Amino acid sequence: MIETIEELRDIDDEIFITIKGSTQFINWFLKESPIPKTSELFWMYITSTNFIKNSIFDCAENEDIYSVKILFRSLIEHFLRFNYIFFKYTSVKNDSESYKYYLILDLSENLKYLKSIKSANSIFGEDEMRLDKLWDELCEKFPKYKTYNKKEIETWTKDYSIKNIIDFIQNKLPGGNDEFNPFLPSIILEYSDLSSFVHGGIFAYKNNMNFIENEKRQKELLRITNLALFTSSSIKKLSYLIFSQYKTEFADFYIKTDRLIKKLN
């Protein structure tokens, strides 16, 4: 039974050893493996969720419960997006879905940037550039985008929205993935509940007031920190599972991480 954040820190330190051991293979996976794009996305989520988890630990130790919940919502979204890629990969067992996801992620963020420029120009009274013109300029800068048209990209971007990703994962759950039942459904619900913290809603204020008492606050901080460690570690474990198909050394990383995750509540 985990009773303190310090105990979680100890487990986390042991799990971190697997990351240090695995980084020697990053270049091989990105340049030589049969699934370079899947590998890149997995490494990306291993790294980013580790940073978020570390920040959750730091905020929890400072009893900053509001920031803990903002960070935890971000961590959940990373976890859901990772699971989407994981499920897609296991269904096709090649890089095709990961390549498409990566491309649309890159394109959609550039498109959002163009739209923000358009909005800023309008707000500050500058000459408003048409989005079509901005899109053409983007294609000139990145010729690979010329293969697609703007309307097509906007449609695909909607397909990769977090709402559609959640729908996809929920449809997957009845057919298996017993390891994350009932964790995934509960974490999806928590993701929704934590929206108010990110967007400055009244629910966040009311929820925060529930933890004025020290005992309640400590219990909640421990709960979220435990979940944060489980979430980020699960991304590592599932990545190691896939990587072990191409590098046998990762079987040991997978076993060690799985054993340590089982220590969590």
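Going by this note's numbering, the final residue of the sequence shown carries number 245, and the count climbs one at a time with no gaps.
Ideal Cβ placement from N, Cα and C applies to all residues, glycine included.
Here the structure is a predicted model, which is why all the values come from computation and not from measurement.
Rounded separation between residue i and residue j - CA only
| i | j | result |
| --- | --- | --- |
| ILE222 | ILE146 | 22 Å |
| PRO165 | GLN150 | 7 Å |
| LEU21 | LYS216 | 12 Å |
| LEU83 | SER19 | 14 Å |
| TYR171 | VAL48 | 13 Å |
| ASN194 | CYS39 | 15 Å |
| TRP174 | TYR46 | In the sequence as displayed, the identity of residue 174 is Leu instead of Trp. Those two C-alpha atoms are separated by around 10 Å. |
| TRP115 | LYS130 | 7 Å |
| ILE103 | ILE192 | Note that ILE103 has pLDDT 45, beneath the 50 cutoff, so the model's placement of it is unreliable and no number is given. |
| ILE241 | PRO16 | 27 Å |
| LYS80 | ASN188 | 40 Å |
| ARG197 | LYS126 | 53 Å |
| THR29 | HIS58 | 7 Å |
| GLY105 | LYS113 | Low confidence applies here, because GLY105 scores a pLDDT of 46, under 50, leaving its location unreliable; read the following figure in that light. If I take the Cα positions, the gap works out to 18 Å. |
| ASN74 | SER13 | 11 Å |
First through last residue of the alpha helix (DSSP H) which encompasses residue i
| i | result |
| --- | --- |
| MET24 | 16 to 41 |
| SER248 | Any question about residue 248 goes unanswered here, given that the chain covers just -19 to 245. |
| ILE(-1) | -15 to 2 |
| LYS217 | 194 to 223 |
| LYS143 | 142 to 152 |
| SER47 | 45 to 72 |
| ILE125 | The sequence given here places Tyr at residue 125; Ile does not occur at that position. Looking at the DSSP string, TYR125 is not in any alpha helix (DSSP H), and its letter there is neither H nor E. |
| THR237 | 229 to 241 |
| PHE183 | 182 to 189 |
| ASN7 | 6 to 11 |
| ASP139 | 130 to 139 |
Nearest-angstrom beta carbon gap, residue j and residue i [assumed within contact, 8 Å]
| i | j | result |
| --- | --- | --- |
| LEU(-12) | THR205 | 6 Å |
Counting Cβ pairs, one atom from each stretch, are 3 or more of them under 8 Å apart for the region -6 to 11 and the region 174 to 186?
-> Segment contact: the region -6 to 11 against the region 174 to 186, fewer than three CB-CB distances shorter than 8 Å; contact not assigned.
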